[in-house]
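For the record, the sequence lines run as chains A and B.
Per our numbering, residue 144 is the first one in the first sequence, and the count goes up by one each step.
Per our numbering, residue 144 is the first one in the second sequence, and the count goes up by one each step.
Beta carbons are placed, not taken as given, at the ideal position from N, Cα and C, and that holds for glycine.
Owing to the predicted nature of the structure, the values given are computational and were not obtained by experimental measurement.
Contents: one structure, followed by commentary.
2 protein chains.
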Amino acid sequence: MSTLNETHDSALTSWVASANSGDTDFPIQNLPFASFRRRNSSETFRGGVAIGDQILDLAAANNSGLFDGLAADALKAAAEPRLNRFMSLGAEAWSALRLALSRGLRSGSEQQAALQGCLIAQADAEYDLPCTIGDYTDFYTSVHHATRVGSLFRPDNPLLPNYKWIPIGYHGRASSIGVSGQQFPRPLGQTRAPDAAEPSFGPCKRLDYELEVGIFIGAGNALGEPVGIDSAEDHVFGICLFNDWSARDIQAWEYQPLGPFLSKNFASTISPWIVTMEALAPYRSAFSRPAEDPQPLPYLSSETNSREGGLDIQLECLLQTEQMRTRGEAPTRLSRSSFRHSYWTVAQMVAHHTVNGCNLQPGDLLGSGTQSGPEHEEAGSLLELTVGGKQPISLPNGETRTFLEDGDAVVMRGFCAKPGAARIGFGEVVGTVLTARV
Amino acid sequence: MSTLNETHDSALTSWVASANSGDTDFPIQNLPFASFRRRNSSETFRGGVAIGDQILDLAAANNSGLFDGLAADALKAAAEPRLNRFMSLGAEAWSALRLALSRGLRSGSEQQAALQGCLIAQADAEYDLPCTIGDYTDFYTSVHHATRVGSLFRPDNPLLPNYKWIPIGYHGRASSIGVSGQQFPRPLGQTRAPDAAEPSFGPCKRLDYELEVGIFIGAGNALGEPVGIDSAEDHVFGICLFNDWSARDIQAWEYQPLGPFLSKNFASTISPWIVTMEALAPYRSAFSRPAEDPQPLPYLSSETNSREGGLDIQLECLLQTEQMRTRGEAPTRLSRSSFRHSYWTVAQMVAHHTVNGCNLQPGDLLGSGTQSGPEHEEAGSLLELTVGGKQPISLPNGETRTFLEDGDAVVMRGFCAKPGAARIGFGEVVGTVLTARV
């Protein structure tokens with residue numbers, strides 16, 4: 144796992160003034176990656192790094208030839224339209240580029256004049272998917288979510304016997320993953336009402352979001368060659384925010400015996416910025432589970448994982464209804480949670496995913512599963528917050544919700560903060576539900 | 144759906160003599176596509192079309208400039224290392240190239256001299272995946288398989304209530320799909336013995352194959368825009384053979400509530416040749432279900448689908464153990480079945496997959512699910528043939544099997560034949576189980 148170095152020093156400031164504001168998501172200690180271009184332009188997308196309210200255009204920086212050695216090689220790869228090749232280079236290359244960028248963007252840097260010309264305001268940018276996502280796997284790592292949802296789908300058997308032994312996961316759809324700003328029509332599908340003899344067809348009536356983080360694979364592994372838990376994070380590039388939209392009524396009717404399908408694959412939305420594992424190093428913490436729970440099997444267990452497998456990424460989910468948007472009202476918060484509540488670590492997910500020889504590839508995405516906390520109000524989905532649609536929630540403008548309505552925009556944000564370290568943020572992911580096409 | 148035309152004429156012969164033998168998989172009425180190069184060479188892979196025991200090298204044919212118009216455009220795309228761009232061009236382009244190839248390879252063709260120099264013997268070739276598979280979905284379309292497997296996993300509840308309403312499907316892993324010849328170590332994983340309190344870890348003890356066909360998407364659809372059942376086959380390029388290897392003991396412990404994961408994603412193997420939907424046109428048949436079964440909802444139903452949705456692809460599965468291979472003994476047949484037993488058609492799978500707005504992309508793969516027939520001996524998996532491992536099968540050389548052993552090679556073949564039409568075949572898909580890496 145990444146160790147602390149000069150790039151994490153909380154005293155560092157940047158010559159980009161907005162990076163020093165204290166409440167920015169993107170101080171010089173963060174340096175996340177995205178693929179961007181000027182909004183409404185026909186420019187080629189290319190890699191960028193967020194600094195304050197600006198983006199350092201990596202294609203422009205690459206053309207300036209300021210860096211040497213491994214950092215220059217890494218910069219060349221990161222300047223491409225999608226980050227897959229950069230991701231494939233591995234931690235040494237990522238780290239070399241991070242160090243070079245940190246030094247170049249630092250207050251007093253001799254490279255300020257050259258790099259200044261490579262900045263583009265985030266306000267003027269639009270984003271693409273940061274990489275081609277070959278395969279997307281969704282895990283189910285919040286025991287609080289699993290228990291609460293399980294109690295709704297299977298009242299007599301909420302948490303299945305395998306849950307505390309296996310990081311439960313399943314394959315999702317890569318083609319329908321979009322970047323923040325994604326809009327999609329309410330899905331149509333088959334559902335069966337609890338009291339109906341036969342299913343019916345129509346627009347989803349129980350449309351929901353899921354508050355997740357997305358984990359991007361960097362260097363891959365060959366088919367047939369498992370990744371051990373202590374080298375698992377060598378294969379992880381970074382983390383984004385992830386909204387795994389879900390059609391609960393379609394899910395309930397379709398999901399047995401082979402799992403969710405059309406209830407999930409109509410859209411999934413990620414934030415544009417990937418925060419690297421190295422940037423997250425200050426926020427590692429011990430990881431353990433209740434003493435009465437089974438301890439993980441050896442392939443899912445290591446001293447390092449216990450010591451620093453935890454990752455406190457604070458998450459929040461907000462809703463802006465169409466009425467709120469029309470009236471110029473800001474999104475209202477629905478819940479807060481944290482990835483520290485995850486029952487399984489990133490390293491455990493990677494080790495489990497590959498233990499049978501399954502190959503991961505650069506740019507593959509692992510969803511964490513809905514990150515609900517232990518308290519009801521920390522739930523990461525409406526299904527939980529409204530107790531299966533039975534307890535509507537009230538919004539400040541007088542509207543209520545059980546599930547999402549047409550025009551609703553869901554906003555997710557995340558950040559890490561603790562005494563002695565710079566607060567770093569993930570930006571946000573926004574997605575909007577359009578009216579069904581009927 | 145494709146209509147019959149001069150390319151299907153059973154009286155056609157080719158100037159490639161081996162294409163006229165009567166028992167070849169690849170007469171001039173077939174013309175399937177693959178990506179190939181000379182074996183053990185460092186040549187670039189490129190598209191090829193099978194004719195008898197030869198391959199027409201489409202890159203070489205493209206260089207010869209023999210075709211005009213749409214056929215020439217299609218040939219240029221099909222000559223690329225992977226077929227995705229060709230697949231994206233749609234049925235008119237595929238059909239134009241098929242007609243040009245049929246005329247060029249026909250006995251007496253004026254193009255014989257030019258095309259003769261573009262032939263490479265299949266015996267001298269090796270294959271790559273025919274296309275980049277962005278997403279892979281596995282369906283579950285044999286009601287006979289679903290019922291028999293269901294009775295093993297859920298004796299009290301073999302066929303779930305949704306089965307006859309929904310073409311059940313789930314997302315699989317694209318990265319671990321390999322082409323015929325794939326070898327993989329026996330997967331490791333968690334399993335729990337029926338009488339055990341806790342799971343244990345080790346090599347899979349119930350390794351199985353699944354006899355499927357794979358359906359390749361041609362032209363895609365945009366996110367949010369469903370494909371109606373009567374235009375569904377406009378989006379289908381063709382069909383291959385598909386072995387969806389399965390670790391039954393891992394599956395039993397992991398699959399609830401989100402479906403199979405590590406029990407499936409360690410390897411899946413396809414045949415190199417894709418037989419186009421146009422080549423399959425003579426083998427269409429009426430499609431219906433028992434009168435006592437529910438009739439499909441309107442979005443899964445059409446007059447055309449009822450009239451010609453059926454597709455009689457005869458399938459067989461063979462086993463060659465290591466001992467048989469050492470002694471030079473041919474593979475022995477385990478079972479025969481047909482895709483005509485499918486409870487859902489190709490068009491229904493595509494219409495269902497996209498009805499929620501999910502986007503399909505050129506090169507995406509849909510597995511049919513195990514194609515077991517109604518009789519016990521028509522089962523497409525060892526799980527069924529050995530009744531969950533309780534009734535070992537005897538092989539001609541005296542060996543027995545409940546599940547696959549190390550060194551076992553599984554061979555699948557398929558063909559279509561009926562009076563008045565040329566027999567066309569799929570070639571074969573072979574995969575071999577290696578010893579677990581422990």
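In the DSSP assignment, find the beta strand (DSSP E) that holds residue i and state where it starts and stops.
i: Arg182(A); result: Looking at the DSSP string, Arg182(A) is not in any beta strand (DSSP E), and its letter there is neither H nor E.
i: Arg476(A); result: Thr475 to Ser481
i: Asp211(A); result: Note, Asp211(A): premise wrong, no beta strand (DSSP E); not H, not E.
i: Thr187(B); result: Where Thr187(B) is concerned, there is no enclosing beta strand (DSSP E), given that its DSSP letter is neither H nor E.
i: Val573(A); result: Ile567 to Leu577
i: Asp281(A); result: Tyr279 to Phe282
i: Val379(B); result: Val379 to Asn386
i: Ala256(A); result: That residue, Ala256(A), is in no beta strand (DSSP E); its alpha helix (DSSP H) goes Gln255 to Gln259.
i: Leu509(A); result: Leu508 to Gly510
i: Ala264(B); result: Leu262 to Ala264
i: Glu269(A); result: Ala268 to Asp271
i: Gly516(B); result: Neither: Gly516(B) is in no beta strand (DSSP E) and is coded neither H nor E.
May I ask which residues mark the beginning and end of the alpha helix (DSSP H) holding residue i?
i: Val292(B); result: Val286 to Phe296
i: Met555(A); result: That residue, Met555(A), is in no alpha helix (DSSP H); its beta strand (DSSP E) goes Ala552 to Cys559.
i: Phe404(A); result: No alpha helix (DSSP H) holds Phe404(A); DSSP gives it neither H nor E.
i: Phe229(B); result: Asn227 to Ser231
i: Glu527(B); result: Leu525 to Leu528
Determine whether the beta carbon atoms of residue i and residue j lie at a separation below 9 Å.
i: Trp487(A); j: Leu458(A); result: no
i: Val159(B); j: Ser414(B); result: no
i: Glu368(A); j: Thr497(A); result: yes
i: Ala289(A); j: Gly512(A); result: yes
i: Ala214(A); j: Leu240(A); result: yes
i: Gly190(B); j: Ala177(B); result: yes
i: Cys501(A); j: Asn386(B); result: no
i: Val379(B); j: Val493(B); result: yes
i: Leu509(B); j: Ile360(B); result: yes
i: Val576(A); j: Gly550(A); result: yes
i: Glu520(A); j: Leu528(A); result: yes
i: Ile393(B); j: Asn499(A); result: yes
i: Ser389(A); j: Glu397(A); result: no
i: Asn183(A); j: Glu253(A); result: no
i: Cys274(B); j: Leu199(B); result: no
i: Arg556(A); j: Leu454(A); result: no
i: Leu226(B); j: Ile358(B); result: no
Please state whether DSSP places residue i in a helix, a strand or coil.
i: Asn206(A); result: helix
i: Ser411(B); result: strand
i: Gln587(B); result: In the structure displayed, chain B extends from 144 to 581; residue 587(B) sits before or after that span and is not available.
i: Glu421(A); result: coil
i: Glu143(A); result: There is simply no residue 143(A) to check, as chain A begins at 144 and stops at 581 in what is shown.
i: Arg335(A); result: coil
i: Leu461(B); result: strand
i: Tyr426(B); result: helix
i: Glu397(A); result: helix
i: Phe546(B); result: coil
i: Pro626(B); result: The structure shown does not extend to residue 626(B), since chain B is modelled only from 144 to 581, so the question has no answer here.
i: Asp200(B); result: strand
i: Gln326(B); result: strand
i: Ser238(B); result: helix
What residues match up with residue i in a beta bridge as DSSP calls it?
i: Arg249(A); result: Ser157(A)
i: Cys347(B); result: None, per the DSSP bridge assignment.
i: Gly195(A); result: None; Gly195(A) has no bridge partner.
Taking 8 Å as the cut-off, does the CB of residue i come closer than this to any heavy atom belonging to the ligand ADP?
i: Leu226(A); result: This structure lacks the ligand ADP, and indeed carries no ligand of any kind.
Residues of the region 311 to 333 of chain A with Cβ closer than 8 Å to any Cβ of chain B, in chain order: Ile311, Gly312, Tyr313, His314, Gly315, Arg316, Ala317, Ser318, Ser319, Gly321, Phe327, Pro328, Pro330, Leu331, Gly332 and Gln333
Chain B contacts made by the region 341 to 368 of chain A, where a contact means CB separation under 9 Å: Glu341, Pro342, Ser343, Phe344, Cys347, Gly363, Leu366, Gly367 and Glu368
Could you list the residues in the region 522 to 537 of chain B with a C-beta less than 7 Å from some C-beta on chain A, going in chain order? none
What residues in the region 498 to 514 of chain A have a beta carbon less than 9 Å from any beta carbon of chain B? Val498, Asn499, Gly500, Cys501, Asn502, Leu503, Gln504 and Asp507
Which residues, in chain order, does the region 398 to 423 of chain B contribute to contact with chain A at a C-beta distance below 9 Å? Tyr398, Gln399, Pro400, Leu401, Gly402, Pro403, Phe404, Leu405, Ser406, Lys407, Asn408, Phe409 and Ala410
Residues in the region 234 to 257 of chain A with C-beta within 8 Å of chain B's C-beta atoms, listed in sequence order? none
Within 8 Å of chain B by C-beta, residues of the region 259 to 278 of chain A in sequence order: Gly277 and Asp278
According to a CB-to-CB cut-off of less than 8 Å, which residues of the region 286 to 297 of chain A neighbour chain B? Gly293, Phe296 and Arg297
Against chain B: residues of the region 435 to 453 of chain A by CB proximity under 8 Å: Pro437, Leu440, Pro441 and Tyr442
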